[in-house]
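Below is one structure, written out as structure tokens, with a few remarks after it.
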Amino acid sequence: MLCAFNLKAQQSNLNKDTVLNVVIDSVINIRSHRLNAQDFIDAILADTGFYKAFRNMKRYGFTAANDIYTYDKKNRVDGEIHRRIRHTIVAGKPKTEYLFKQDKGNVYKHNGKYELYTVEMFDYIFNNAYNSGFSAADPLAGVGKNGSYKDKLKTLIFTPGRKVTGIPFISGKTEIFGRDMRQFYYYEFARGKYLDTIPVYRFKVIKKPSVADGDVVIRELTTIFDMRTFKILGRYVDMKYSNLFFDFDVRMNIELLPFNGELLPAKISYQGSWNVPFHKEERASFLIVQKDYHK
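In the numbering used here, the protein residues as written are 148 to 442.
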């Protein structure tokens, strides 16, 4: 079994905390705002904004900086992937131009495929996001040999808090707002400013200190709501679990940027370790920043 994973080496390369772009003014009593916990929960479960953001961004020009680090068992940097990208629309079709590409260390296998399955999954997501025409129904549907794994990753990234089927012993544990799981969490509410100007609510779902690690998968789910529209602008999820089949410790966040009346991806970061059957132990971190959106 994988030992407890120390993220300090990763933190030296990437900052994990999405809510750094949120400056908190004060803790609030949501009853004074005529809201309750269920209002936030319902909005989270009904949200499709992150799907739509990735579908919508292919219609815009923007620049992107993608940085990926992989680590060995001693948490030393083992491989690096750096990309600087210009995305444009030419004759109505998306075009990706690499302004800078650099790979270092142990990134690829002899057959040219990525060493780490995690890197393959994220490359799948973002290459599709840049270049393909997502369907309105499901922009990131998994296909091919690893399709079912891609679907599970997609659920964890874009709709955390829902049940992830097909994973032994943990599927129900991801459904943190379900009747059986709510008892393990408490809620925190605050208000503040996102990107210095947008008034927001911050809704945190946090594992109770008395709850054993094995009883939950999601330790924290923080969601940032636009106070004016109640749309979700940001999300941070901290997941950890260990059994005979899976061992993982993952932190992810996604931030969206309002532009031209739509929400578009602004920052995606990931840090984590995975140890799953039939795959080598994996440790990686990502930072993907997208900006300068234009028609």
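Every residue, glycine too, gets a C-beta built ideally from N, C-alpha and C.
- Secondary structure note for A212: its beta strand (DSSP E) is the uninterrupted segment 208-218.
- In summary, N183 is exposed, with fewer than 16 beta-carbon neighbours lying within 10 Å of its beta-carbon over all protein chains present.
- For D396, same chain residues with a beta-carbon under 7 Å away, outside a window of 5 residues either side, are F152, K387, G419, S420 in chain order.
- In this structure, the alpha-carbon of L434 lies about 17 Å from that of L246.
- Segment contact: the segment 329-343 against the segment 168-184, three or more CB-CB distances shorter than 8 Å; contact assigned.
- In this structure, Y440 sits near L411, with a CB-CB distance shorter than 7 Å.
- Buried is the label assigned to D194, since at least 16 other Cβ atoms lie within 10 Å of its Cβ.
- D373 and L342 have their C-alpha atoms some 11 Å from each other.
- By the Cβ neighbour-count rule, F377 is exposed, with fewer than 16 other Cβ atoms within 10 Å of its own.
- For F197, the enclosing alpha helix (DSSP H) begins and ends at 196-203.
- Around the beta carbon of I191, 16 or more other beta carbons sit within 10 angstroms, so the residue counts as buried.
- Residue environment analysis places A238 among the exposed positions, since fewer than 16 neighbouring C-beta atoms fall within 10 angstroms of its C-beta.
- In the DSSP assignment, I188 falls within the alpha helix (DSSP H) that extends over 184-193.
- Annotation: M328 to V363 spans about 8 Å, alpha carbon to alpha carbon.
- Between the segment 216-228 and the segment 196-204 there are fewer than three inter-stretch CB-CB distances shorter than 8 Å, so the stretches are not counted as touching.
- Taking D270 as the centre and dropping the five residues before and after it, the same chain places the C-beta of Y261 closer than 8 Å to its C-beta, in chain order.
- For I371, the enclosing beta strand (DSSP E) begins and ends at 365-373.
- Non-local C-beta neighbours of K256 in its own chain, meaning closer than 7 Å and more than five positions away in sequence, comprise E262, ordered along the chain.
- According to DSSP, H257 shares a beta bridge with no other residue.
- Comparing C-alpha distances from K355 to each of L368, T217, Y332 shows the shortest one belongs to Y332.
- Per DSSP, the unbroken beta strand (DSSP E) holding S416 starts and ends at 409-422.
- The beta carbon of K310 sits closer than 7 Å to those of S318, G319, T321, E322, all from its chain and outside the five residues before and after it, given in chain order.
- When DSSP states are grouped into helix, strand and coil, K442 belongs to the coil group.
- Cβ contact annotation for V169 (same chain, cutoff 8 Å, sequence separation greater than five): G339, K340, Y341, V347, R349, I371, G381, in chain order.
- Here R366 has K354, D385, M386, K387 as same chain residues with Cβ atoms under 7 Å from its own Cβ, once five neighbours each way along the sequence are excluded.
- In the DSSP annotation of this structure, H426 is not part of any beta strand (DSSP E), being labelled neither H nor E.
- Counting only residues of its own chain and dropping the five nearest sequence neighbours on each side, F187 has a CB closer than 6 Å to the CB of F350.
- Apart from sequence neighbours up to five positions away, the residues of its chain that approach L368 with a beta-carbon distance below 7 Å are P307, G308, I323, V352, V384, ordered along the chain.
- By the CB criterion at 7 Å, E402 and K414 fall inside the cutoff.
- Contact between T243 and I232 holds: their C-beta atoms lie close to 6 Å from each other, under 8 Å.
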